[in-house]
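Asks: Take the sequence shown: its position 67, counted from the start at 1, is 66 in numbering that gives the first Met the number 0, and no numbers get skipped. Every residue, glycine too, gets a C-beta built ideally from N, C-alpha and C. Keep in mind that this is a model prediction, so the values were computed, not measured.
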Amino acid sequence: MIVMFGATGDLAKRKLLPGLFRLAKAGLLPARYRIVGSARSALTDDEFRRHAKDAVAEFGQMEPSGEAWREFADALSFGAAVPTNPQPLLDAVAAAEKAIGGHPRRLFHLAVPPQGFAPTIGILGDTGLASNARVIIEKPFGTDLPSARALNETIHAIFDESQVFRIDHFLGKESVGNILALRFANGLFEPIWNRDHISHVQIDVPETIGIEGRAGFFEKTGTFRDMIVTHLLQVLGFVAMEPPTSLAAKQLRDETTKVFEAMSPLDATHVVRGQYSGYRDEPGVDPGSQTETFIAARVEVDSWRWSGVPFYLRSGKSLGQRRQVITLGLKQPALRMFALGPDTTNATPSNALVIDFDDPGWIAARFLAKEPGATMRLGDATMTFRYADSFCARHALAGYERLILDAMLGDQSLFTRADGIERLWEVSAPLLQAPPPVEPYAPGSWGPDSIRQLISPHHWYLPDSP
Ligand code: BG6
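1. Out of A417, S288, R401 and P439, point me to the one whose CA is closest to H155's CA.
2. Closer than 7 Å from C-beta to any heavy atom of the ligand BG6: which residues, in chain order?
3. Distance check for H394 and R385, CA to CA, integer angstroms please.
4. Report the rounded CA-to-CA distance for H458 versus P442, giving the unit in angstroms.
5. What does a CB cutoff of less than 8 Å around R322 pick up in its chain, not counting 5 residues either side in sequence?
6. If you run the structure through DSSP and keep just helix, strand and coil, what is T290?
7. Could you tell me which residues DSSP pairs with V284 in its beta bridges?
8. Can you grab the Cα-Cα spacing for the pair Y32 / F20, in whole Å?
9. Suppose the cutoff is 6 Å on Cβ atoms and the five residues either side in sequence are ignored; what does the same chain contact list for Q411 look like?
10. Could you tell me how far apart the beta carbons of A80 and S40 are, in whole angstroms, since I believe they sit closer than 8 Å?
11. Could you name the residues of the same chain whose beta carbon sits closer than 6 Å to that of P63, not counting the 5 residues immediately before and after it, in chain order?
12. Here's the rule I'm using: 16 or more other beta-carbon atoms within 10 Å means buried, otherwise exposed. How should E189 be labelled?
13. For the segment 179 to 199 against the segment 257 to 268, do three or more pairs of beta-carbon atoms, one drawn from each stretch, fall closer than 8 Å, so that the two count as touching?
14. Give me, in chain order, the residues of the same chain whose beta-carbon lies closer than 7 Å to that of S302; leave out the 5 immediate sequence neighbours on both sides.
15. Go through the segment 399 to 440 residue by residue and report every complete run of the alpha helix (DSSP H) that reaches 4 residues or more, in order.
16. By the DSSP assignment, the alpha helix (DSSP H) with F366 in it spans what residues?
17. So, for F158: in the same chain, excluding its five sequence neighbours on each side, which residues have a beta-carbon less than 7 Å away from its beta-carbon?
18. Taking all protein chains shown into account, decide if Q114 is buried (16 or more other Cβ within 10 angstroms of its Cβ) or exposed.
19. Given S449, which residues of its chain have a CB within under 8 Å of its CB, disregarding the five upstream and five downstream residues?
20. Could you tell me which of E421, L431 and W445 sits nearest to E477, measuring between CA atoms?
21. Report the option in A25, A6 and D73 whose CA atom is closest to the CA atom of L42.
22. Spatial neighbours of V226 within its chain, please: CB distance less than 6 Å, with the 5 preceding and 5 following residues excluded, ordered by chain position.
23. Locate the alpha helix (DSSP H) running through S174, then write down its first and last residues.
24. Is it the case that the segment 278 to 289 contacts the segment 207 to 222, given that we only count it when at least three CB pairs across the two stretches are under 8 Å?
25. Taking DSSP as the reference, what is the three-state secondary structure of G446?
26. Alpha carbon to alpha carbon, how far is D253 from V300?
27. Please name the residue in I122, L431, G446 and G419 whose C-alpha comes closest to that of R165.
28. If you drop the 5 nearest sequence neighbours on each side, which residues of the same chain put their C-beta closer than 8 Å to that of F4?
29. Note the first and the last residue of the continuous alpha helix (DSSP H) segment covering D125.
Structure representation (structure tokens):
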């Protein structure tokens, strides 16, 4: 049985309800399941079903119609809950469990704003709902080290760590999972995956959207907390980890946590904070706001594998393109014997491995090849693997779908552990204590100009096409 807190919110509408319907339709939910929506305000079961239908119609990949929809809608019910009155939720859970029969396991998904985590955990503890349960906690998990520690303590007072699933939907993406396969299932890549062959790494997640009316959330959060700690550093953990001894949750998370431990504290002089022009005019935004809508940062992982290899991270709203790209720039060969053709520029990575992890995702090896003709001249060449053209693309699950399924199965591999997230806040402390001032950038651009100095002598690889 799934209980979705924040069931009338944005995340539930865009990702969770469409994702659950997709899992149901694919036959990946248990034979007998129920989904109880919950929020502070009351809805009837039918109102919640209508809300879910609209959400699936607008944001889902599949039409909410036919027998599949009727079965899914029948499994939905609603029970409001506030700390002073959780009774409607208790009634809805009791009815749902009776309908399933036996003692079904409970999965609570806390799709609520960060300030709602502790009160919701309180409800689960006080009412006894927390027994025989797992809990998915949304992000951002805390806003700094003390708040993350406090939240972990609150959670651990009720749940054992083995029941806790801190979600980052980027880690559920097929292409991010494929980093493990690429690195550890092949003899080709892992031998060069280190400081001897890689000069620098970029993890670049520009977005074209603005804050989409989320001023209340965004003003308090900003891009560093919303994207860097939550998503980009997690992806970095996968790119930089040592080979785990198995893919089991403990071994995998031991390795990502080791990466976070090896990370140097963030140096504010290696960070550019930007704010798109016009952000302060958005409804709900403070006219003097210092909240960043853009971050570019240089991160160092001080390990035998990565010492001296900078990791450049960039993410922001209202930028020129939506992309989710990891680029591993390879070192030049020791001796350059070849003339470069007119089309090879320094700005495109002629020697790099590129992983585009936006769904459906692709991986490309960029290299130099001889241009046909009488002279020995080189041009840029690419070998690309595209998920969209390979395998059976319709089997791909979106990040949330994959992760909700994993949480139901009790597999914590792709979820952040308490010590991992605390370490990320620890390395973030110098930046959070003394953030550089926000620099303006034009909507549709690639961020403030100073990001070029930040990455020099390397180059930002995006935009990679005119
Ligand atoms: C969310 C952030 O976690 O991820 C958003 O809160 C961001 O600000 C989004 O836009 C990006 O995710 P996706 O699914 O578009 O890759």
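Replies: So, from the listed chains and residues:
1. The residue labelled residue 155 in the question sits at position 156 within the sequence shown. H155 has its Cα closest to that of A417, out of A417, S288, R401 and P439.
2. K138, H168, F169, E206, I208, D225, M226, T229, H230, Q323, D357 and G398
3. Here the question's residue 385 lines up with position 386 in the sequence shown. Here the question's residue 394 lines up with position 395 in the sequence shown. Taking the straight line from one Cα to the other gives about 15 Å.
4. What you label residue 458 is simply residue 459 of the sequence shown in a count that begins at 1. What you label residue 442 is simply residue 443 of the sequence shown in a count that begins at 1. Near 21 Å, if we compare the C-alpha coordinates of P442 and H458.
5. Working through the sequence shown from its first residue, we reach residue 322 at position 323. Once the five neighbours on either side are set aside, the close Cβ partners of R322 are D203, V204, P205, D355, D357 and L461.
6. For the purposes of this step, residue 290 is identified with residue 291 of the sequence shown, where counting begins at 1. In this structure, T290 counts as coil in the three-state DSSP scheme.
7. Here residue 284 refers to the residue found at position 285 of the sequence shown. BP columns for V284 are empty, so no partner.
8. On the sequence shown, residue 32 is found 33 positions in, with the first residue counted as 1. On the sequence shown, residue 20 is found 21 positions in, with the first residue counted as 1. Roughly 12 Å between the two C-alpha positions.
9. Working through the sequence shown from its first residue, we reach residue 411 at position 412. Same-chain partners within the cutoff: A248.
10. Residue mapping note: residue 80 aligns to position 81 of the sequence shown, counting from 1. Residue mapping note: residue 40 aligns to position 41 of the sequence shown, counting from 1. Contact doesn't hold; Cβ gap of about 10 Å is too wide.
11. Counted from its first residue, the sequence shown places residue 63 at position 64. Cβ neighbours of P63 beyond the five flanking positions: K52, V55 and A56.
12. Here residue 189 is taken as the residue at index 190 of the sequence shown, counted from 1. Label assigned to E189: exposed.
13. no
14. Looking up residue 302 in the sequence shown gives position 303. Closer than 7 Å at Cβ, skipping near neighbours: A261.
15. 417 to 432
16. Taking the first residue of the sequence shown as 1, we reach residue 366 at position 367. Careful: F366 lies outside any alpha helix (DSSP H), inside the beta strand (DSSP E) at W361 to K369.
17. The sequence position of residue 158 within the sequence shown is 159, counting from 1. A129 and V134.
18. Here residue 114 corresponds to residue number 115 of the sequence shown, with the count starting at 1. Flag for Q114 reads exposed.
19. Within the sequence shown, numbered from 1, the residue matching residue 449 stands at position 450. Hits under 8 Å: V271 and E438.
20. Since the first residue shown for the chain is 0 and the last is 465, residue 477 is missing from the structure and cannot be characterised.
21. The count along the sequence shown starts at 1 and reaches residue 42 at position 43. Minimum Cα distance to L42 is reached at A6.
22. Reading the sequence shown from its first residue, position 227 is the one you call residue 226. For the record, residue 226 in the displayed sequence is Met; it is not Val. S314, listed in sequence order.
23. As a first step, residue 174 must be located in the sequence shown, where it is residue number 175. Per DSSP, S174 belongs to the alpha helix (DSSP H) from E173 to F183.
24. yes
25. By one-based count along the sequence shown, residue 446 stands at place 447. Note: G446 maps to coil in three-state DSSP.
26. As a working mapping, residue 253 is identified with position 254 in the sequence shown. As a working mapping, residue 300 is identified with position 301 in the sequence shown. When rounded, the distance between both Cα atoms is 16 Å.
27. Indexing the sequence shown from 1 puts residue 165 at position 166. Among I122, L431, G446 and G419, the Cα nearest to that of R165 is on G419.
28. Indexing the sequence shown from 1 puts residue 4 at position 5. Excluding residues within five positions, the ones whose Cβ falls inside 8 Å are S37, A38, A80, F107, H108, L109, A110, V111, G115 and T119.
29. Taking the sequence shown and counting its residues from 1, one reaches residue 125 at position 126. D125 -> alpha helix (DSSP H) spans F116 to T126.
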